[in-house]
Amino acid sequence: MKVGVAFGVSELANLKEFEKKASRFLTDLAREFEVSGGFLVSTKADFRKVKEEVDFNKVDAIVLYPLTGGTEGVLKEFAVYRRPVVVYGDGLNNSLAAGIELREYLRERLIPATLVKTPVELKAALLGYEDMKDNLDRFLRIRLGLIGRVSPWLINEKFNLPYTHISLKKFYEYYDNVGGEEGWNAVAEVVEKAEAIKEPGRDDLTKAGRVYLAIKHILEDYHLDGFTIGCFDLIGKIRGTPCLALAMFNAQGIPAACEGELNSLLAMAIIRRFFNKPAFMGNIADYGKDYLILAHCTAPIISPYKLRTHFESGIGVGVEVRLPKERASLMKIRGRKAVVADVEVVGHEHSENRCRTQLKLRIEDATDFIEGTMGNHHMLAYVDAEELADLLSELGFEVMLY
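For the record, in the sequence shown the residue sitting at position 201 is 203 according to the working numbering, with numbers rising by one throughout.
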């Protein structure tokens, strides 16, 4: 196991006083692991020098040892590598205090972070990361993209993970480069397989195909594993929506979330990466004692579907999908917290006053769930709720299982 190491020393401290301590620590650690780095850093300039000399992207885990207090600011820079971290603290020079602060900073960015204070605990923590290496790598290496902006009504959206931002201006450049015939051909098979086409005409469907191809080219050029798009901003510009494109991508294995919501995108990406299943991102439209209604205008087209307009605007192309009536999980992620519920899809609703795909879910205590969840959008996926909750816990989320 390859371990990167960095020590933090306050600018107010005498660096030479801590060099022997750091050297002994490295010598002991090297008896058990392959060690890389071992730098003493006090400033961001020091960190930049470290970046030039050692690639911490190639280590399996990072050990950060604040030898003194006041080092949180420079050591937090190592979060850029998105590697599992063990924070080592001791009872001298405010080391432990700095370590606790640093650990929480890393956890808020969903980087697995463990605080230890003895060599025995350090070894155990590193070996624990080695056991989880595959899952942690698959999670920490996810490349997500935001096209446009986060929708302004998502007032609880908080996202500290790195992502690639693509402006709507750039999106429109890709869109304008797709011709009408290309757009139509992109959705022709989807149109042919639809049970019905209720409102959209050929022009609407062609626009939907152009949106699909524009996003497809963006994913290729930016090397993204998944994306979310500020979809409502497209309505005024092109008189179209990306609902059908998202439905197609999710069916094809590419996580695609709407309204620019990155937390929902992350949830989709986790479900796809670890269970190879699509997820339906829905609004909680209603609930009763033992049921929830989940609705949205896009859903993975993995079962019979109709092509409709987008509900709120009455334009573009939305989808009404009869997703399978099976046992499933309902999940919500916000920051480092997650809610998971065991549910069953028991029916399909058809109200004209809700988004197009409408599912009725049986849940043991809907009122309790509504009281405890953390915002609107939820992911429905056909995976086991306990397995999903266990995975999220392993990845560093605080999970509430209903």
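Positions of the beta carbon are idealized from the N, C-alpha and C atoms, including for glycine.
**Asked** Taking all protein chains shown into account, do 16 or more other C-beta atoms lie within 10 angstroms of the C-beta of D367, making it buried, or fewer, making it exposed?
**Response** Residue 367 sits at position 365 when you count from the first residue of the sequence shown. When all chains shown are included, D367 counts as exposed.
**Request:** Please list the segments of the beta strand (DSSP E) lying wholly inside the segment 164–252, counting only runs of 3 or more residues, in order along the chain.
**Result:** 166–168, 228–231
**Asked** Nearest to G290 by CA position, among H352, N137, I365, is which residue?
**Response** Locating residue 290 in the sequence shown gives position 288, counting from the first residue. The option with the nearest alpha carbon to G290 is I365.
**Message:** Cutting at 8 Å between CB atoms, please list the residues of its own chain near I113, excluding the five before and the five after it.
**Reply:** On the sequence shown, residue 113 is found 111 positions in, with the first residue counted as 1. A81, R84, R85, P86, V87, L142, G398, listed in sequence order.
**Asked** Do D235 and G147 have their CB atoms nearer than 8 Å?
**Response** Your numbering for residue 235 matches position 233 in the sequence shown. Your numbering for residue 147 matches position 145 in the sequence shown. No; because the gap between Cβ atoms is not below 8 Å, this pair is not in contact.
**In chain order, each alpha helix (DSSP H) run of at least 4 residues that lies wholly inside the segment 17–96** = 18–32, 46–55, 74–77
**When F58, L17, F49, V43 are compared against V37, the one with the closest alpha-carbon** = Here residue 37 corresponds to residue number 35 of the sequence shown, with the count starting at 1. Considering only alpha carbons, the answer is F58.
**Message:** If you measure between the beta carbons of L267 and F229, is that distance less than 8 Å?
**Reply:** In the sequence shown, residue 267 corresponds to position 265, counting from 1. In the sequence shown, residue 229 corresponds to position 227, counting from 1. Yes, Cβ-Cβ distance for L267 and F229 is below 8 Å.
**Asked** Going by beta carbon distance, what residues of the same chain come within less than 8 Å of K279, once the five residues before and after it are set aside?
**Response** Stepping through the sequence shown from its first residue, residue 279 is reached at position 277. If we look at K279 and ignore the five residues flanking it on each side, its Cβ neighbours are I273, A383, Y384, V385.
**Message:** Buried or exposed for M73, going by 16 or more other Cβ atoms inside 10 Å?
**Reply:** As a working mapping, residue 73 is identified with position 71 in the sequence shown. Reading off the sequence, residue 73 comes out as Thr, not Met. With 16 or more Cβ atoms within 10 Å of its Cβ, T73 is classed as buried.
**Request:** Check each candidate in N179, E222, K239, G203 and name the one with the smallest Cα separation from R212.
**Result:** Here residue 212 is taken as the residue at index 210 of the sequence shown, counted from 1. Residue N179 is the option with its Cα nearest to R212.
**Prompt:** Going by alpha carbons, who is nearest to Y177 out of K239, N265, R145, K362?
**Reply:** Position 175 of the sequence shown holds residue 177. Nearest option by C-alpha distance: K239.
**Prompt:** P244: which of F282, C233, P164 sits nearest, CA to CA?
**Reply:** Here residue 244 refers to the residue found at position 242 when the sequence shown is read from its first residue. The option with the nearest alpha carbon to P244 is C233.
**Prompt:** What is the DSSP secondary structure of F9, counted as helix, strand or coil?
**Reply:** Taking the sequence shown and counting its residues from 1, the one referred to as residue 9 is at position 7. Of the three classes helix, strand and coil, the one that applies to F9 here is strand, per DSSP.
**Prompt:** Candidates C299, M270, V5: which alpha carbon is nearest T29's?
**Reply:** Counted from its first residue, the sequence shown places residue 29 at position 27. It is V5.
**K23 versus K135 - alpha carbon distance** = Numbered from 1 along the sequence shown, position 21 holds the residue referred to as residue 23. Numbered from 1 along the sequence shown, position 133 holds the residue referred to as residue 135. The straight-line gap from Cα to Cα measures roughly 29 Å.
**Asked** Of the choices S44, H379, S25, F27, whose alpha-carbon is the least far from that of N16?
**Response** Taking the sequence shown and counting its residues from 1, one reaches residue 16 at position 14. For the residues S44, H379, S25, F27, the minimum Cα distance to N16 belongs to S44.
**Request:** Look up Y293 in the DSSP assignment and give the residues it is bridged to.
**Result:** Within the sequence shown, the letter at position 291 stands for residue 293. In DSSP, Y293 forms a bridge with R364.
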